[in-house]
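Worksheet for the structure shown next.
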Amino acid sequence: MSLKLVRNHRVLLVDDDRIITATLKDGLERWGLTIETANDASQAKALAEQTTFDLVVIDTKMPGESGVEFASWLNQHQPATPYIFLSAYGDEENVEAAVTAGAMTYVVKPVQVPQLIPVIYSALERAEEIRALGAETRKLKGAFESNRDINVAIGVLMHRFGLTRQEAFDNLRRRCRDQQTRVHDVAVQVIESEETISLIGRRDNR
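As numbered in the numbering used here, residues 877 to 1082 make up the sequence shown, in order.
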């Protein structure tokens, strides 16, 4: 694996064992990662509130707030931040808790840096794919909403002025050119105007 694959990523390592955090920090930084460490959930929260991390590596068992509880906090406050779990326990109950919490993966300690590097890279790659998919989904949703508003506005113009569909659409585009704005923005104006007229009409008829 090339060093370039993991370079320039910022990772937060959360583990109450200071020897483990120091050892992993030293080894991972040799691979070009930028590593911040925390020894409990409160320290980790403080760092996460100050800095955006590409990945968080969390020990499941820590004094006070557990790693799973900290992961729950991440889900609520920084849902776009991916994380993986480190644990000395590989039993089904702990693995299931990690999966339920939304971890990218679960690594059983002891773990060496050469073992952890491909896990981190895989998690970073998968997180990027999820972000890209989310962006595409939002884009498609926006396009759908835009088209729906345009179709509704066309229907309003057809009904109010007795236009054909093409005539109504041409009027929208003409208004768009006059205002130097998007067709969708003009469509929203038409819909909002129709809603206002309908509201006034209902009040006048009371």
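Cβ atoms here follow ideal geometry from the backbone N, Cα and C, with glycine treated the same way.
I need the straight-line Cα distance from residue i to residue j, nearest angstrom please.
i, j, result
"Ala-977", "Gln-954", "14 angstroms"
"Met-938", "Asp-1025", "52 angstroms"
"Ala-947", "Asn-1023", "38 angstroms"
"Ile-1067", "Leu-1048", "12 angstroms"
"Pro-990", "Thr-1057", "55 angstroms"
"Ile-1076", "Arg-1036", "Since pLDDT at Ile-1076 reaches only 41, below the 50 mark, its modelled position is unreliable, and the value read off the structure follows with that caveat. Their Cα atoms are separated by approximately 16 angstroms."
"Ile-996", "Arg-1051", "52 angstroms"
"Val-932", "Ile-911", "10 angstroms"
"Gln-1042", "Asn-1027", "11 angstroms"
"Leu-1039", "Val-1032", "10 angstroms"
"Ala-922", "Gln-1065", "45 angstroms"
"Met-1034", "Glu-1001", "50 angstroms"
"Val-983", "Glu-972", "13 angstroms"
"Glu-905", "Ile-960", "18 angstroms"
"Leu-909", "Glu-969", "31 angstroms"
"Asn-884", "Gly-903", "15 angstroms"
Report buried or exposed for residue i, applying the criterion of at least 16 other Cβ atoms within 10 angstroms of its Cβ.
i, result
"Ala-1063", "buried"
"Gly-943", "buried"
"Ile-1030", "buried"
"Ser-1069", "exposed"
"Pro-958", "buried"
"Ile-934", "buried"
"His-1060", "buried"
"Ala-1044", "buried"
"Ala-898", "exposed"
"Thr-1083", "This structure cannot settle anything about residue 1083, because the visible part of the chain is limited to 877 through 1082."
"Ala-924", "buried"
"Ala-956", "exposed"
"Asp-1046", "exposed"
"Ala-979", "buried"
"Asp-1054", "exposed"
"Asp-930", "buried"
Would a C-beta distance cut-off of 8 angstroms place residue i and residue j closer than the cut-off?
i, j, result
"Thr-927", "Arg-886", "yes"
"Ile-1006", "Trp-907", "no"
"Val-987", "Leu-950", "no"
"Ala-1003", "Thr-981", "no"
"Leu-888", "Lys-901", "no"
message = Taking contact to mean 3 or more Cβ pairs, one atom from each stretch, closer than 8 angstroms, check whether the stretch 891–899 and the stretch 917–931 are in contact.
response = no
Residue ranges of each alpha helix (DSSP H) run of no fewer than 4 residues wholly in the stretch 895–972, ordered along the chain?
-> 917–926, 943–953
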